[in-house]
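Undergrad: Residues in the sequence shown are numbered from 12 upward in steps of one, following the working numbering.
Backbone N, C-alpha and C define an ideal beta-carbon position, used for all residues, glycine too.
So that we are looking at the same thing, I have put the structure below in structure tokens.
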Amino acid sequence: MPAWETHHLFLAVASGAILAYTLAKARQHYTTTDLSTSPALLHSHSDNPQSSEPTPPPSASPSLASTIGHTPLVLLPTLSRLTQCSIYAKLELLNPGGSPKDRVALSILTSLATNPSPSSDTNTNPPPLLQPGDTIYEGTVGSTGISLATLARAQGIHCHIIMPSDQAIEKSNLLRKLGAKVTRVPPAPIVDQKHFVNVARRLAAEHTRAFEAGSTSLLLPDGQAIAVRGRGWFANQFETDANWRAHFEGTGPEVWAQMAGRVDAFVAGAGTGGTVSGVGLFLKEKDEACKVVLADPQGSGLYNKVRNGVFWSEYEREGTRRRSQVDTVIEGIGLVRSTRNWEVGSEKGVVDDAVKVTDAQAKNMARWLVEHEGWFVGGSSAVNCVAALKTALELGPGHRIVTILCDSGMRHLSKFWAQIGDPGGETKVELDDILSGRDLRERGDNETVSGDINAP
């Protein structure tokens, strides 16, 4: 072989060896560095997504239930740059049932199967445990019911969900596909026995009494008869300690670990109060300086409860109510009454402040998240992000804020997103549109915004 060919062959082999070594070192670096949970790395890589290599997948899970929790934490880069803060979102919408209610549902089912409440409607002593063949009842606007149905059917447990008739229809459609029985009832205040929570509680008790009396059927409010197989159980998400404990023992520790123990503010809405109380209690135990901020939609009384000590909303004035107990297009968060899960945190002063978010602000934020961040979310997530934005602006540059993306827009197509319309191919929403809650049709853009933005 000529000398020049030998020389070229040597250079080729050497170059290949160097390249292989370099690639091996790079691969080793990225497989031992957790880019998904390191806030510093997330921040440094946020402007160039292609610079981040995927982390290795977790090991195989033995069941669906074991995949609940340990959701990713992600930086919202455009909101972070504009506020000069680091705003992170915990992706609870990536739970198998699509929301943080998976944690609550698993906690409730586990509690009923191991340590049921002494108040369970039964004549047996000691009280029985939840078992296959039984039916679990719950009053919910959707997400908790979906999570219960996701988990219960595989365990041989029947699920019967009572929900207000004004909730997005895709939720009840999904519940039925998951095998749940769904009863939609007219919206009513909690003091009315026709309120969806009260109906669920009553049906669970009647189911158990019918079972213990040897009856084989139960008559529903709509006149339909259902088969009685096993006992009935009331999940009671608003009052059970299994709710806030799921977040105190799960969501809170995850946030703390993913943020490397540096959280200046945690921002979340309250539908039952379990998330804000559970996560807030944990973070306050770790760092009393951590600020816990409630994100509250219009029509809810929690904002005034935090600020003034009284449950009241301006929408409660006589003659102003348009639709239901919480007068807003937002589903899943907002209260005009206290609950056990809210009081657990409130009694210890967990919530430091509250941010009121209008429907218009939430809808504009939802468009912003699609256009600038790529996240297609529902109303609760949009409310959380508006409140996180306002909190960041109030705290000032350099602070680290965590909020929750708790619902996908896929569950809100017929209602929340129907009012927003199609974002289209052009960027429309500006930061001031979010803060002011401006009707985007008043912007005078060349391309009109589709959808009835201000529909009631």
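In the structure shown, what three-state DSSP assignment does Pro245 receive?
TA: According to the sequence displayed, residue 245 carries Phe and not Pro. In this structure, Phe245 counts as strand in the three-state DSSP scheme.
Undergrad: Compute the Euclidean distance between the alpha carbons of Pro69 and Ile119, then round it to the nearest angstrom.
TA: 26 angstroms
Undergrad: What are the boundary residues of the alpha helix (DSSP H) that His218 is part of?
TA: DSSP places His218 in the uninterrupted alpha helix (DSSP H) bounded by 207-223.
Undergrad: Ser122 to Gly285, Cα distance in whole Å?
TA: 16 angstroms
Undergrad: Checking 8 angstroms against the spacing of the C-beta atoms, do Glu361 and Ala306 come in under that value?
TA: For clarity, residue 361 is Val in the given sequence; the question names Glu instead. No, Cβ-Cβ distance for Val361 and Ala306 is not below 8 angstroms.
Undergrad: What residue range is occupied by the uninterrupted alpha helix (DSSP H) comprising Glu441?
TA: Glu441 -> no alpha helix (DSSP H), and no H or E assigned at all.
Undergrad: Run through DSSP, which three-state label would Arg195 get?
TA: strand
Undergrad: Determine contact between the segment 179-188 and the segment 232-246, defined as no fewer than three beta-carbon pairs at a distance below 8 angstroms.
TA: Contact between the segment 179-188 and the segment 232-246 is absent, because fewer than three Cβ pairs lie under 8 angstroms.
Undergrad: What residue from Asp363, Gly310, Val210 has the CA that sits closest to Gly343's CA?
TA: Gly310
Undergrad: Quick one: any contact between the segment 281-298 and the segment 421-435, if contact means 3 or more CB pairs under 8 angstroms?
TA: no
Undergrad: How big is the Cα-Cα spacing for Leu346 and Gly356?
TA: 15 angstroms
Undergrad: Assign Arg449 to one of three DSSP states: helix, strand, or coil.
TA: coil
Undergrad: By Cβ distance below 6 angstroms, which residues in the same chain neighbour Ala393 in space, the five residues on each side in sequence not counted?
TA: Ala373, Met376, Ala377
Undergrad: In chain order, what residues of the same chain have a beta carbon less than 6 angstroms from the beta carbon of Lys112, not counting five sequence neighbours either side?
TA: Ser154, Thr155, Ser158
Undergrad: Would you mind reading off the limits of the alpha helix (DSSP H) that contains Leu90?
TA: 88-94
Undergrad: Where does the unbroken beta strand (DSSP E) through Ala165 begin, and where does it stop?
TA: Premise fails: Ala165 is in no beta strand (DSSP E) and is neither H nor E.
Undergrad: May I have the straight-line CA-CA distance separating Gly282 from Glu358, to the nearest angstrom?
TA: 17 angstroms
Undergrad: Does the Cβ of Lys401 have 16 or more other Cβ atoms within 10 Å, making it buried, or fewer, making it exposed?
TA: buried
Undergrad: Please report the residue range of the alpha helix (DSSP H) in which Glu265 lies.
TA: 263-269
Undergrad: In terms of residue numbering, what span does the beta strand (DSSP E) encompassing Glu405 cover?
TA: No beta strand (DSSP E) contains Glu405, which is instead part of the alpha helix (DSSP H) from 390-406.
Undergrad: At the level of alpha carbons, what is the spacing between Ala488 and Leu104?
TA: Beyond the ends of the chain as shown, which are 12 and 467, falls residue 488; an answer cannot be given.
Undergrad: On the DSSP bridge assignment, give the partners of Leu84 in chain order.
TA: Partner residues in the beta bridge of Leu84, as assigned by DSSP, are Lys101.
Undergrad: Whose CA, out of Val440, Ser288, Pro65, lies closest to the CA of Ala253?
TA: Checked all of Val440, Ser288, Pro65; the closest Cα to Ala253 is Ser288.
Undergrad: Whole angstroms is fine: what's the gap from Val266's alpha carbon to Ile415's?
TA: Taking the Cα positions, Val266 is about 10 angstroms away from Ile415.
Undergrad: Can you name, in chain order, every residue of its own chain whose Cβ lies under 6 angstroms from the Cβ of Phe21, other than the five neighbours on each side?
TA: Because Phe21 sits at a pLDDT of 44, beneath the cut-off of 50, its placement in the model cannot be relied upon, and the following sentence gives the value as read from the coordinates. If we look at Phe21 and ignore the five residues flanking it on each side, it has no Cβ neighbours.
Undergrad: What are the partner residues of Val413, as DSSP defines its beta bridges?
TA: Tyr99, Phe277
Undergrad: Report the option in Tyr148, Arg164, Gly407 whose CA atom is closest to the CA atom of Ile172.
TA: Tyr148
Undergrad: What's the gap between the Cα of Ala211 and the Cα of Leu87?
TA: 39 angstroms
Undergrad: Please report the distance separating the alpha-carbon of Asp450 from that of Asp443.
TA: 11 angstroms
Undergrad: Classify Ile201 as helix, strand or coil using the three-state DSSP reduction.
TA: When DSSP states are grouped into helix, strand and coil, Ile201 belongs to the coil group.
Undergrad: Rounding to the nearest angstrom, what Cα-Cα distance links Thr146 and Leu162 in this structure?
TA: 13 angstroms
Undergrad: Is Ile237 helix, strand or coil when you go by DSSP?
TA: strand
Undergrad: If you run the structure through DSSP and keep just helix, strand and coil, what is Ile172?
TA: strand
Undergrad: If you draw a straight line from the C-alpha of Asp370 to the C-alpha of Pro139, how long is it?
TA: 45 angstroms
Undergrad: Buried or exposed: where does Ala224 fall if 16 or more other Cβ atoms within 10 Å of its Cβ makes it buried?
TA: Taking all protein chains in view, the Cβ of Ala224 is surrounded by fewer than 16 other Cβ atoms within 10 Å, so the residue is classified as exposed.
Undergrad: Of all the options Met421, Leu294, Gly261, which has the alpha carbon lying nearest to the alpha carbon of Arg273?
TA: Leu294
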